[in-house]
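Be aware that the sequence shown starts at 320, since it is given in the working numbering, and climbs by one per residue. Glycine included, every Cβ here is placed at the ideal spot set by N, Cα and C.
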Amino acid sequence: MVAADSKPDLTLPKTFACSAFAACVGEVCTIPLDTAKVRLQLQKSAIAGDVTLPKYRGLLGTVGTIAREEGLRSLWKGIVPGLHRQCLCGGLRIGMYEPVKNLYVGKDHVGDVPLSKKILAGLTTAFVSLLFSNSTGALGIIVANPTDLVKVRLQAEGKLAAGVPKRYTGALNAYSTIVRQEGVRALWTGLGPNVARNAIINAAELASYDQVKQTILKIPGFTDNVVTHILSGLGAGFFAVCIGSPVDVVKSRMMGDSAYKNTIDCFVKTLQSDGPMAFYKGFIPNFGRLGSWNVIMFLTLEQAKKYVRELESSKK
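Below is the structure:
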């Protein structure tokens, strides 16, 4: 998100609109990989003496198994609550990054922005977006943690035996069913790791994209174009997965299985039953998801901002 001096700043509402649109495009294009990631994260290790092979193996294998057994549409399970969340939280956390970063370095700053300031800006926008979505009454209830919970529950439901009814018929039914069967508080299951995941991954994505892009632009022959955006997006996705994978696994397991009492209980039980590498379960599909999401989102964001700037220039 390194901007050239010749690029005029967009207003905050326009930046938010571009960011929300880019986040939603990224969600629609990559949610099949997210569904595969969730299935792999929720898949438990075989018990001693059980030689049964795991149902889901690898990113493409998991996508293929879901599509074959449940149909292609099943790969987009949870897209409605996913878009709810990206539209508000994604728009805020991505759209506020540049203004917050500029606030931290000061308007008279000259030269490269320190990486520490970029990370701090990423953490700040993550918490601000979460606070906003959790402090606006009914809107917060619909958009924040419950959307992630419903999304994971819908993604986790695999092929059912003949005659067994679906647990949820859709996103709205999932909200009402969870409240009816588990109580209103259940909508905030996994809130702790979800907040931590969002803060960590947001800071890693935005700061690393900014840093990688800044580094690439110093290499002779590279300009602020699509190739640079793709490389920067892949770098952002890789760093985000490396740093955020353990808390992402805990979040997915807590939201997908109500057997865990709290975050510590989920962490300890996962460690005891599956070992430390369980916290990097689904690493490849997670990188496939976050890497492609960042590439698509940042490409869309850069092009959307470029289009809005050109539109504004043509009106002058």
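task = Measure the Cβ-Cβ separation of residue 521 and residue 467 and say whether it is below 8 Å.
result = Position 202 of the sequence shown, counting from 1, holds the residue named residue 521. Position 148 of the sequence shown, counting from 1, holds the residue named residue 467. Going by C-beta atoms, residue 521 is not nearer than 8 Å to residue 467.
inquiry  = Is it buried or exposed, residue 427, if we count other Cβ atoms within 10 angstroms and call 16 or more buried?
reply    = As a working mapping, residue 427 is identified with position 108 in the sequence shown. That one is exposed.
key: Boundaries (first-last residue) of the alpha helix (DSSP H) holding residue 507   = As a working note, residue 507 is residue 188 in the sequence shown. From DSSP, residue 507 is part of no alpha helix (DSSP H); its letter is neither H nor E.
ask   = In terms of residues, what are the limits of the alpha helix (DSSP H) holding residue 598?
value = The sequence position of residue 598 within the sequence shown is 279, counting from 1. Premise fails: residue 598 is in no alpha helix (DSSP H) and is neither H nor E.
request  = Label residue 630 either buried or exposed according to how many other C-beta atoms from any shown protein chain fall within 10 Å of its C-beta, with 16 as the threshold for buried.
outcome  = Working through the sequence shown from its first residue, we reach residue 630 at position 311. It is exposed - the Cβ of residue 630 has fewer than 16 other Cβ atoms within 10 Å.
key: CB-CB length for residue 398 against residue 350, believed under 8 Å   = Reading the sequence shown from its first residue, position 79 is the one you call residue 398. Reading the sequence shown from its first residue, position 31 is the one you call residue 350. That belief holds up - the Cβ atoms of residue 398 and residue 350 are roughly 5 Å apart, short of 8 Å.
message = If I measure Cβ to Cβ from residue 589 and keep anything under 6 Å in the same chain, skipping five residues before and after, which residues do I get?
response = Numbered from 1 along the sequence shown, position 270 holds the residue referred to as residue 589. 597.
task = Can you tell me which of 624, 604, 617 puts its alpha carbon nearest to the alpha carbon of residue 353?
result = Taking the first residue of the sequence shown as 1, we reach residue 353 at position 34. Considering only alpha carbons, the answer is 604.
ask   = Looking at C-alpha atoms only, which residue of 510, 483, 487, 328 is the closest neighbour of residue 500?
value = Here residue 500 is taken as the residue at index 181 of the sequence shown, counted from 1. Taking only the C-alpha atoms, the option nearest residue 500 is 487.
query = Nearest to residue 328 by alpha carbon, out of 496, 414, 554?
reply = Within the sequence shown, the letter at position 9 stands for residue 328. Of 496, 414, 554, the residue nearest in Cα terms is 414.
request  = Give me the Cα-Cα distance between residue 384 and residue 563, rounded to the nearest whole angstrom.
outcome  = Along the sequence shown, one-based indexing puts residue 384 at 65. Along the sequence shown, one-based indexing puts residue 563 at 244. If you take the alpha carbons of residue 384 and residue 563, they lie about 26 Å apart.
ask   = In the structure shown, what three-state DSSP assignment does residue 576 receive?
value = Here residue 576 corresponds to residue number 257 of the sequence shown, with the count starting at 1. Residue 576: coil per DSSP, three-state reduction.
request  = Hey, could you find the ends of the alpha helix (DSSP H) residue 421 is sitting in?
outcome  = The count along the sequence shown starts at 1 and reaches residue 421 at position 102. Looking at the DSSP string, the run of the alpha helix (DSSP H) that includes residue 421 is 416 to 424.
ask   = From this set, 632, 423, 382, which residue's C-alpha is nearest residue 442's C-alpha?
value = Numbered from 1 along the sequence shown, position 123 holds the residue referred to as residue 442. Out of 632, 423, 382, 423 has the C-alpha closest to the C-alpha of residue 442.
query = Can you tell which of 576, 550, 489 has its C-alpha closest to the C-alpha of residue 473?
reply = The residue labelled residue 473 in the question sits at position 154 within the sequence shown. Among 576, 550, 489, the Cα nearest to that of residue 473 belongs to 489.
request  = For residue 575, collect the residues of the same chain with a Cβ closer than 6 Å to its Cβ; drop the 5 residues on either side in sequence, then sort them by chain order.
outcome  = For this step, residue 575 is matched to residue 256 along the sequence shown. Closer than 6 Å at the Cβ level, and outside the excluded window around residue 575, lie 361, 471, 475.
task = Compute the distance between the beta-carbons of residue 493 and residue 469, then report whether it is under 8 Å.
result = As a working mapping, residue 493 is identified with position 174 in the sequence shown. As a working mapping, residue 469 is identified with position 150 in the sequence shown. Yes, these two residues count as a Cβ contact at 8 Å.
ask   = Can you tell me the Cα-Cα spacing of residue 334 and residue 624, whole angstroms?
value = For the purposes of this step, residue 334 is taken as the residue at position 15 of the sequence shown. For the purposes of this step, residue 624 is taken as the residue at position 305 of the sequence shown. Their backbone Cα atoms lie some 7 Å apart in a straight line.
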